[in-house]
Each structure stands twice: as structure tokens, then as C-alpha cells.
Amino acid sequence: MNMKQMALIANSTHELEYRLDVFKNIPGDKMPKSVSPEDLRKLGIYAGAAGFWLDKGRTKTMTDDGAGVTVSALVTGKSYENDFDTDGLMYEYPQSKRPSTYDQSRIQATKTAALLKLPIFVVIKPTSNSTNRDVFLGWIEAWDDISKLFLISFGFEAPKGIPNGTDDDDDPFTFTSSNRLLDTKSKNIRKRKFRFKIMRRYKKVCMLCDIKITELLAATHIRPTSKLGSDDVRNGLLLCNLHDKAFTEGLFSINPSTYEITYRNGGPDKNELNIINEDLSNLPRKPHPKALNWHWEQWLSKNRS
Numbered sequence: 224m225n226m227k228q229m230a231l232i233a234n235s236t237h238e239l240e241y242r243l244d245v246f247k248n249i250p251g252d253k254m255p256k257s258v259s260p261e262d263l264r265k266l267g268i269y270a271g272a273a274g275f276w277l278d279k280g281r282t283k284t285m286t287d288d289g290a291g292v293t294v295s296a297l298v299t300g301k302s303y304e305n306d307f308d309t310d311g312l313m314y315e316y317p318q319s320k321r322p323s324t325y326d327q328s329r330i331q332a333t334k335t336a337a338l339l340k341l342p343i344f345v346v347i348k349p350t351s352n353s354t355n356r357d358v359f360l361g362w363i364e365a366w367d368d369i370s371k372l373f374l375i376s377f378g379f380e381a382p383k384g385i386p387n388g389t390d391d392d393d394d395p396f397t398f399t400s401s402n403r404l405l406d407t408k409s410k411n412i413r414k415r416k417f418r419f420k421i422m423r424r425y426k427k428v429c430m431l432c433d434i435k436i437t438e439l440l441a442a443t444h445i446r447p448t449s450k451l452g453s454d455d456v457r458n459g460l461l462l463c464n465l466h467d468k469a470f471t472e473g474l475f476s477i478n479p480s481t482y483e484i485t486y487r488n489g490g491p492d493k494n495e496l497n498i499i500n501e502d503l504s505n506l507p508r509k510p511h512p513k514a515l516n517w518h519w520e521q522w523l524s525k526n527r528s
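Just so you know, we're using the working numbering here: the sequence shown kicks off at 224 and counts up by one.
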């Protein structure tokens with residue numbers, strides 16, 4: 224390890240201690256902590272517009288190119304309602320009207336925070352009438368450049384695991400799980416991680432109709448957690464809200480041998496359900512046959528004439 228690398232590590236260690244101390248010294252023992260806009264700036268937590276903010280003056284020494292590291296993220300609007308709770312959120316990549324290099328630099332600075340295992344301050348206005356802001360200590364767990372999403376968890380300590388670890392289809396398939404025994408916090412965390420992984424795996428587009436609107440997409444378990452289905456990404460489909468509802472109501476199933484959509488006898492057809500893609504065999508990464516077979520058998524038993 225050369226002197227420059229040692230200096231970068233030393234600087235990131237100092238920054239970690241600094242950020243943890245800043246958060247610790249904000250009054251309150253629980254998360255989130257309530258902070259006035261004025262104090263946000265005084266504490267060096269936030270000073271900018273919507274999106275990611277980085278204090279380049281303080282963090283440029285932690286990167287080879289001096290680009291800096293993200294300090295905080297501001298959450299605004301209603302687009303995060305379905306992907307936010309007190310344990311974390313999925314945060315969309317910034318898409319401002321500034322030159323593309325501006326957004327790209329902030330996206331990279333946020334990935335750098337993850338790789339250095341540095342927390343960022345997630346700032347949220349709890350209600351439209353709120354004077355203060357809620358501040359969470361967030362950790363970047365993963366990201367995806369195609370779906371343009373960051374997965375952020377909240378906590379006083381860094382989550383275990385390698386940042387942005389990927390799912391390998393060669394790993395043993397986890398078919399069943401005791402998700403029903405988890406507490407609310409654990410369920411929220413696992414639900415959000417499952418949704419992120421499904422969005423990443425299927426490129427944030429409905430498998431059946433090509434809708435790409437985040438708010439209208441659902442991560443659907445093939446074998447539901449209520450039936451001891453697991454959060455293995457291969458036990459999931461990415462569907463729009465219409466097709467998620469149609470699938471869970473048994474209006475169609477997926478033939479595990481051909482990956483073709485099969486409709487319920489006497490039920491709505493592809494035109495009524497607005498299904499464009501009736502054959503999923505061309506998907507680069509497919510659901511696990513064991514999960515599809517489970518749903519198929521359950522579905523057939525209810526639809527045999």
C-alpha cells in the first residue's frame with residue numbers, strides 16, 4: 224500500500240468518525256432526529272437543492288480525483304411514498320436540468336460513500352407544514368445504473384455485507400422461508416430489499432406490458448410469503464399494479480415448461496388484461512422453475528373443469 228492509499232484510508236476513517244459524531248450530538252436518542260433548516264447548514268449536513276449534496280471542500284481528499292463524497296440526500300415530493308419507511312428507502316438517481324455531468328458526479332460520489340462505508344444524512348420534510356426536518360443516518364447498500372436506483376438503509380451502524388453485492392443464478396435456490404415470523408421492522412427491510420432486487424433483475428419494466436413507471440410497478444412473489452415463499456429474487460416477478468393483482472387473483476399463470484402465459488377458463492384474455500408479452504422465454508434472467516411449478520400446480524388445481 225502506497226502513501227497516497229494510506230492517506231485516503233485515513234481521511235475516510237476520520238470522515239466516518241466525524242459523521243457519526245455529528246449525528247450522535249443531535250438531541251434525541253432515536254431515529255429520525257428533528258433538526259431545523261438553519262441547524263442543518265450549521266452542522267454541515269446539508270446546503271443545496273434537491274438530490275444529493277456533497278461538501279467537496281471537506282471530502283475531496285478522500286478520492287483520487289478530488290471529486291468528493293456525498294454527504295446527504297434530500298427527499299422531496301411523493302414519488303418515494305411506496306419505497307420509504309423508517310428503516311430505509313429506495314432513492315432514484317437525480318435527473319436535474321443541469322448538464323449531465325453534474326448528476327453523474329453526484330451519483331458517483333454516492334457510490335463512493337458506499338464503497339468507503341460512509342453513512343449519508345437523509346433529510347426529509349415529514350409534512351408540508353413541518354418547520355423542522357427529519358434526519359436519518361443512511362447507508363448505501365446497493366445501486367443499479369439501469370433502473371437508476373439506490374437502496375438505502377437507516378441505522379446507527381453499517382449493514383453487514385459487501386456494498387452492491389449481486390445475485391447469482393448459480394446459487395442454491397431458497398424455496399421456502401419463515402417470513403411470517405418476522406417483526407414489522409424486519410419485514411419492511413426484507414420487503415424493500417426484495418423490491419430493489421426485482422427491479423434491478425428485470426430492468427424496472429413490467430414483464431407483461433413494458434410499463435416503466437416506478438410507482439406503478441410491484442415486486443410480486445410467485446410463491447407468496449403467506450404460503451412460506453422466500454425472498455429469493457428468483458421467486459419474484461416484476462409486474463405493473465394491474466398484472467400484479469391479476470396474478471395474485473389467479474387470472475393467469477406461467478407455464479413452467481414453456482414460460483407462456485395461460486389464462487383462467489372463462490376469465491379475461493390478454494386483450495382485456497392489456498398483456499403484450501405472452502411468452503417470457505426470452506427473458507435474459509428467468510424466475511426459478513421450482514417457483515413457477517409451485518404456482519402452476521396450485522393454479523391448475525383451482526382451474527380444472
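All C-beta atoms, glycine included, are put in the ideal place defined by N, C-alpha and C.
{"Item": "Smallest Cα separation from Thr399: which of Gly361, Lys371, Thr354, Gly452?", "Value": "Gly452"}
{"Item": "Please report the residue range of the beta strand (DSSP E) in which Leu297 lies.", "Value": "293-298"}
{"Item": "So, helix, strand or coil for Ala441, using DSSP?", "Value": "strand"}
{"Item": "Between the Cα of Asp262 and the Cα atoms of Val358, Gln318, Phe307, which residue gives the shortest distance?", "Value": "Val358"}
{"Item": "Mind checking which residues open and close the beta strand (DSSP E) that includes Ala365?", "Value": "356-367"}
{"Item": "What's the gap between the Cα of Glu520 and the Cα of Lys450?", "Value": "14 Å"}
{"Item": "Counting Cβ pairs, one atom from each stretch, are 3 or more of them under 8 Å apart for the region 376-383 and the region 421-439?", "Value": "no"}
{"Item": "Would Val245 and Leu266 qualify as a contact pair, given that the criterion is a beta-carbon distance under 8 Å?", "Value": "yes"}
{"Item": "Quickly, what does DSSP pair Thr309 with across the bridge? List them, please.", "Value": "Thr309 is not bridged to any residue."}
{"Item": "Could you tell me which residues DSSP pairs with Ile347 in its beta bridges?", "Value": "Val298, Asp357"}
{"Item": "Got a sec: does the ligand HEM put a non-hydrogen atom nearer than 7 Å to the Cβ of Asp368?", "Value": "For the ligand HEM, the structure offers nothing, since it holds no ligand at all."}
{"Item": "Just mark Thr415 as buried or exposed, buried being the case when its beta carbon has 16 or more other beta carbons within 10 Å.", "Value": "According to the sequence displayed, residue 415 carries Arg and not Thr. That one is buried."}
{"Item": "From what residue to what residue does the beta strand (DSSP E) around Ile484 run?", "Value": "484-486"}
{"Item": "What residue range is occupied by the uninterrupted beta strand (DSSP E) comprising Leu339?", "Value": "Note, Leu339: premise wrong, no beta strand (DSSP E); not H, not E."}
{"Item": "Got a sec, what are the start and stop residues for the beta strand (DSSP E) Ser476 sits in?", "Value": "475-477"}
{"Item": "In the DSSP assignment, the alpha helix (DSSP H) including Leu263 goes from what residue to what residue?", "Value": "260-265"}
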